[in-house]
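Here my numbering is used: the first residue of the sequence shown is 39, the next is one more, and so on. Single-structure report; data block below.
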Amino acid sequence: MKCAIAIVAAAAALASAVATPAELVARASSSATATSSGSLPTVTVKGNAFFAGDNRFYIRGVDYQPGGSSGAADPIANVAGCTRDIVEFKKLGINTVRVYTVDNTANHDQCMAALAAAGIYLALD
């Protein structure tokens with residue numbers, strides 16, 4: 039139940055957090071600098087909000103399933119596609135991608151490292 043409440047709170051916070059294109063570019067630049075080590079702070083729930091470390095965290099994300107659900111391919115096992123798309127994610131100010139099809143036998147290290155280096159979190163369900 040806490041998770042559902044946190045998601046509702048995050049959605050409400052996201053709806054009220056509208057940014058201009060210039061702000062998105064500034065955020066993308068600052069998060070790239072802050073995460074150059076490839077390590078991201080853990081996102082936690084405090085009260086009714088998400089925090090990445092000590093900073094309030096607003097999810098700005100998309101479902102990441104190239105080809106749609108009928109394709110059922112693992113997007114984070116495709117290194118070329120992943121690195122290509124991360125460039126576009128940064129331009130859009132995305133800080134989180136949701137993936138719902140994963141091949142547990144595949145190696146995801148390169149894509150996960152590239153996402154972390156770009157300051158992008160991954161939600162898997």
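Virtual Cβ for every residue (Gly too), placed ideally from N, Cα, C. This structure is a prediction, so every number in the text was calculated from the model and none was measured.
Extent of the continuous alpha helix (DSSP H) to which residue i belongs
i: residue 151; result: 147-155
i: residue 121; result: 117-130
Residue burial classification, residue i (beta-carbon count within 10 angstroms, cutoff 16)
i: residue 101; result: exposed
i: residue 162; result: exposed
i: residue 14; result: The chain is shown from 39 up to 163; residue 14 falls before or after that span and cannot be answered.
i: residue 142; result: exposed
i: residue 160; result: buried
i: residue 128; result: buried
i: residue 78; result: buried
i: residue 53; result: Residue confidence for residue 53 is low, a pLDDT of 42 falling below 50, so the modelled location carries little weight and cannot support an answer.
i: residue 74; result: In this prediction, residue 74 has a pLDDT of 44, which is less than 50 and means its spatial position is unreliable; what the coordinates show is noted afterwards. Exposed: under 16 other Cβ atoms inside 10 Å.
CB-CB length for residue i against residue j, believed under 8 angstroms
i: residue 99; j: residue 135; result: 6 angstroms
i: residue 103; j: residue 139; result: 6 angstroms
i: residue 132; j: residue 152; result: Residue 132 to residue 152, Cβ: 14 angstroms. No contact.
i: residue 146; j: residue 111; result: Residue 146 to residue 111, Cβ: 13 angstroms. No contact.
Unbroken beta strand (DSSP E) run spanning residue i, endpoints
i: residue 140; result: Careful: residue 140 lies outside any beta strand (DSSP E) and carries neither H nor E.
i: residue 161; result: 159-162
i: residue 82; result: 81-84
i: residue 101; result: 99-101
i: residue 93; result: 93-95
i: residue 90; result: 87-90
C-beta neighbour in chain C for residue i, strict 8 angstroms
i: residue 112; result: Of the chains in the structure shown, none is chain C; there is only one protein chain.
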